[in-house]
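A short write-up of the structure that comes next.
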Amino acid sequence: MGGERLKIVLSLTPPLLIIITLFFGGIFYGFLQSLGYQPAIGKYELNFSAYYNVMFSERYAKLFWSGLALNLWVSFASTFLAAVFALFGALAIRKTFVGKTLCNFIYSLNLPMPHLVVAVGMIFVFSQSGLLARLAAQIGMISSPGDFPVLVRDKYGFGIILAYIWKEAAFFFIILMSVLQSLGENFEELAQSLGANRWQRFRYVILPLVMPNLFSASIIVFAFSFGAYEVPALLGVIYPQMLPVMAFEFFLNPDLNARSEGMALSIIIALIVMILVVFYFWLTQAKIRKD
Amino acid sequence: MSDLKIENLVKNFQGMDRPAVNNVNLDINSGQLVAFLGPSGCGKTTILKMITGLFQPDNGNITLDNESLLPIPTEKRGVVMVFQNYLLFPYMNVNENVGFALKMKGVNKSIIDERVKEMLDLVKLPDIGLRKPKQLSGGQQQRVALARALIASPRLLLLDEPLSNLDAHLRDEMRELILTIQQKLNVTTIFVTHDQEEAVLLADKIALIFDGELQNFTSPKNYYEKPKNIKAAKFFGGVNFINADIVDNKIQSEIGFCEYQGDNIRDLNKKLFLTIRPENIKISKNNEFDHNSYQGKITSVIFSGTHTRYKINVNNVHLECSLQSVGIDNMKEDDQIFVHLPKDKIWGMND
Ligand SMILES: Nc1ncnc2c1ncn2[C@@H]1O[C@H](COP(=O)(O)OP(=O)(O)OP(=O)(O)O)[C@@H](O)[C@H]1O
Ligand SMILES: [Mg+2]
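The listed protein sequences derive, respectively, from chains E and G. As numbered in numbering that gives the first Met the number 0, the first sequence has no gaps in its residue numbers, which increase by one up to the final residue, 290. As numbered in numbering that gives the first Met the number 0, the second sequence has no gaps in its residue numbers, which increase by one up to the final residue, 350.
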């Protein structure tokens, strides 16, 4: 028994070492940098001034806190709306042929589509020089494309939210379709025979049954959209600016001192996401224990 | 009270070459406990689902107390179905599960609590209200499902294979419970089963269904003694079938002339089959019977404890007879004997 276990541990050690070195080594080095450790420019002293600078210095505080607020808003709104759209979509068409076709379509087309492509697509369609604006101007709904509401590169992050909804609703949809498929209709039929009307069946049967899956998918989506860079970089504005974009700009800064701030900001983003992931594991574990 | 009437009920499904339910007619009286009996796929669940409104029939009508159920949506019919696999809501505890129907009606919480307790007492499961379904045994889950169905005093209770997921001794216990509760509440109940014995033990009347068609709807006793056709007789363990003709109002069978007392003599075709339960046949080495006595030869003797089963060849017709093992003079294979088919026990059928 003990020998067996030792064997397993030993055989797992080489890959584990690589993972630990590359992954945690990288993070650890990044963490050191965020503490001001930069041998390249002769800085060896460790302190939290980069963190302080990012969050509280006159120069960055406003950008950071407005960025954090935008980050939270965009991630919450897009995750929530994507989940809601997907839920109603899945419920509406789950029993139809369209549902299965759409599922296949999303599997084969939307899921592998990079976020970058979706973002560019958003610009094509929703920007003031985009398809919709021109179409609206053409048919006389607005006098010129410039009157089209600012949906892309707007300060409320609508364009970013739209892009995330587009991508993430598909992800939710596929998860929900498979959950609904495996549940079948028996619970709903039973509830109906016990006197539950359509709304009550949704509220007291479907929702609680899909909630665990919907919730864990939401946390994944939220964490992803919170830390992702490319969509806000393409569809965002200079101020307020989402945190990953802000971090990236620190790295683009030729001043090597800004490295520490960039790292500090990245670590802050990582921490928030990590807290979410831990919360997620805790939730799923709690669920497994309950079952 | 709740008289259920099913008229000319038809249901077709795509991809089936016969109707899943074919022109079924049934009259179920208030307070009766009725079994739908038949092999897998014969349409039992489909009929239940049409009564609840989960399926719409293609033809026919279903009335409860002379009012058609068809225009009424499922949730307003007051017809509650208990599904085969219990389907307790996994995210609710037992109390919440049982109280579900009242909660949907918007009943006051304190009244719900009270009724839930009553129901759990009724199914003999007090003190488990706070448990989750996963923490219950199969038998307990079944009882909770029953309590949940009964709480809103349904006009009609439908049980889809209530016993088939339970092991043998639990099944006996549950059967007793269903019977007591049904009598106590006097709720009109239909339960589905493919087990003939279960139907006999529980039901006031049995609807026998084959391939979507109702074969017969009568008391359990009649299925043994007066089956409607060979299929029905066989389903209830009938083994003795004899070809016969009616000649001049007398029955002439392939083993000889047969005296007959059955009350269905007028409904019988010219060509018919006679049947008799193995336990009603008498045999003897001497011809001591005053009617329906035929000569035959024992082809095998199977001792099975309290009873002994004899296979007998009478004029190349094979009959089986089951006698109590005690007190019979020893008859053995190849013995020539006389077989007696009492005229009040023999029964004629058309097909
Ligand atoms: N929703 C449906 N769509 C298509 N065919 C169906 C549907 N439900 C039932 N059937 C078919 O109708 C026939 C009767 O089914 P039903 O479920 O009523 O049988 P059952 O008597 O309840 O059988 P069992 O004892 O196996 O439960 C079967 O051949 C089945 O395949
Ligand atoms: Mg069935």
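Each residue gets a CB set at the ideal place from its N, CA and C atoms; glycine is no exception. Please read these numbers as outputs of a predicted model, since none were measured by experiment.
Residues of chain E with CB under 9 Å from residue i, in chain order?
i: residue 51(G); result: 188, 191 and 192
i: residue 90(G); result: 207, 208, 210 and 211
If residue i sits next to residue j, beta carbons under 8 Å apart, how far is it from one beta carbon to the other, in whole angstroms?
i: residue 228(E); j: residue 209(E); result: That pair is no contact at about 31 Å.
i: residue 174(G); j: residue 200(G); result: 6 Å
i: residue 141(E); j: residue 147(E); result: 6 Å
i: residue 81(G); j: residue 166(G); result: Between residue 166(G) and residue 81(G) the Cβ distance is about 19 Å, and since that is not below 8 Å, they are no contact.
i: residue 173(E); j: residue 267(E); result: Not a contact, Cβ separation roughly 32 Å.
i: residue 222(G); j: residue 205(G); result: 6 Å
i: residue 73(E); j: residue 154(E); result: 11 Å between Cβ atoms; not a contact.
i: residue 57(G); j: residue 11(G); result: 5 Å
Please confirm whether residue i and residue j have their CB atoms less than 8 Å apart.
i: residue 228(G); j: residue 349(G); result: yes
i: residue 29(G); j: residue 2(G); result: yes
i: residue 151(G); j: residue 100(G); result: yes
i: residue 45(G); j: residue 54(G); result: yes
i: residue 187(E); j: residue 205(E); result: yes
i: residue 324(G); j: residue 310(G); result: no
i: residue 34(E); j: residue 46(E); result: yes
i: residue 225(G); j: residue 244(G); result: no
i: residue 84(G); j: residue 164(G); result: yes
i: residue 193(G); j: residue 59(G); result: no
i: residue 27(G); j: residue 217(G); result: no
i: residue 103(G); j: residue 194(E); result: yes
i: residue 277(E); j: residue 222(E); result: no
i: residue 25(G); j: residue 213(G); result: yes
i: residue 240(G); j: residue 282(G); result: no
i: residue 126(E); j: residue 151(E); result: yes
i: residue 42(G); j: residue 20(G); result: yes
i: residue 301(G); j: residue 330(G); result: no
i: residue 15(E); j: residue 89(E); result: no
i: residue 36(E); j: residue 42(E); result: yes
i: residue 47(G); j: residue 157(G); result: yes
i: residue 253(G); j: residue 242(G); result: yes
i: residue 115(G); j: residue 98(G); result: yes
i: residue 279(E); j: residue 181(E); result: no
i: residue 33(G); j: residue 189(G); result: yes
i: residue 257(E); j: residue 247(E); result: no
i: residue 321(G); j: residue 339(G); result: no
i: residue 118(E); j: residue 171(E); result: no
i: residue 67(E); j: residue 238(E); result: no
i: residue 291(G); j: residue 257(G); result: yes
Quick one: list the residues of chain G neighbouring residue i, beta-carbon separation under 7 Å, in chain order.
i: residue 196(E); result: 74
i: residue 212(E); result: Near residue 212(E) there are no residues of chain G at all, since even the closest Cβ is about 13 Å away, more than 7 Å.
i: residue 199(E); result: 103
Name the residue from the options whose alpha carbon lies nearest to the alpha carbon of residue i.
i: residue 215(G); options: 183(G), 146(G) and 22(G); result: 22(G)
i: residue 274(G); options: 316(G), 168(G) and 161(G); result: 316(G)
i: residue 86(G); options: 219(E), 215(E), 183(E) and 242(E); result: 183(E)
i: residue 318(E); options: 226(E), 74(E) and 274(E); result: What is shown of chain E runs 0 to 290, which leaves residue 318(E) out entirely.
i: residue 70(E); options: 263(E), 278(E), 262(E) and 230(E); result: 230(E)
i: residue 72(G); options: 51(G), 63(G) and 66(G); result: 51(G)
i: residue 96(G); options: 132(G), 65(G), 77(G) and 260(G); result: 132(G)
i: residue 77(E); options: 157(E), 241(E), 181(E) and 207(E); result: 157(E)
i: residue 237(G); options: 128(G), 293(G), 318(G) and 330(G); result: 318(G)
i: residue 341(G); options: 294(G), 125(G), 288(G) and 201(G); result: 288(G)
i: residue 124(E); options: 165(E), 241(E) and 28(E); result: 165(E)
i: residue 233(G); options: 277(G), 343(G), 116(G) and 254(G); result: 277(G)
i: residue 262(G); options: 213(G), 345(G) and 189(G); result: 345(G)
i: residue 255(G); options: 297(G), 296(G) and 313(G); result: 313(G)
i: residue 129(G); options: 69(G), 141(G) and 112(G); result: 112(G)
i: residue 113(E); options: 135(E), 167(E), 268(E) and 203(E); result: 167(E)
i: residue 362(G); options: 178(G), 182(G) and 88(G); result: With chain G covering 0 to 350 only, the question about residue 362(G) has no answer from this structure.
i: residue 197(E); options: 132(E), 91(E), 82(E) and 67(E); result: 91(E)
i: residue 217(E); options: 75(E), 30(E) and 26(E); result: 75(E)
Counting only Cβ pairs nearer than 7 Å, list the residues of chain E close to residue i.
i: residue 99(G); result: 193
Against residue i, what residues of chain G qualify as contacts under a CB-to-CB distance less than 9 Å, listed in chain order?
i: residue 318(E); result: Because chain E here runs from 0 to 290, residue 318(E) falls outside it and cannot be looked at.
Along chain E, in chain order, which residues have C-beta atoms closer than 8 Å to that of residue i?
i: residue 151(G); result: 193 and 194
i: residue 78(G); result: 192
Does the Cβ of residue i lie closer than 7 Å to at least one heavy atom of ligand 4?
i: residue 192(E); result: Ligand 4 is absent from the structure shown, which contains only ligand 1 and ligand 2.
Q: With a cut-off of 7 Å, give the chain-ordered residues whose Cβ is closer than this to any heavy atom of ligand 2.
A: 43(G), 44(G), 83(G), 159(G), 160(G) and 191(G)
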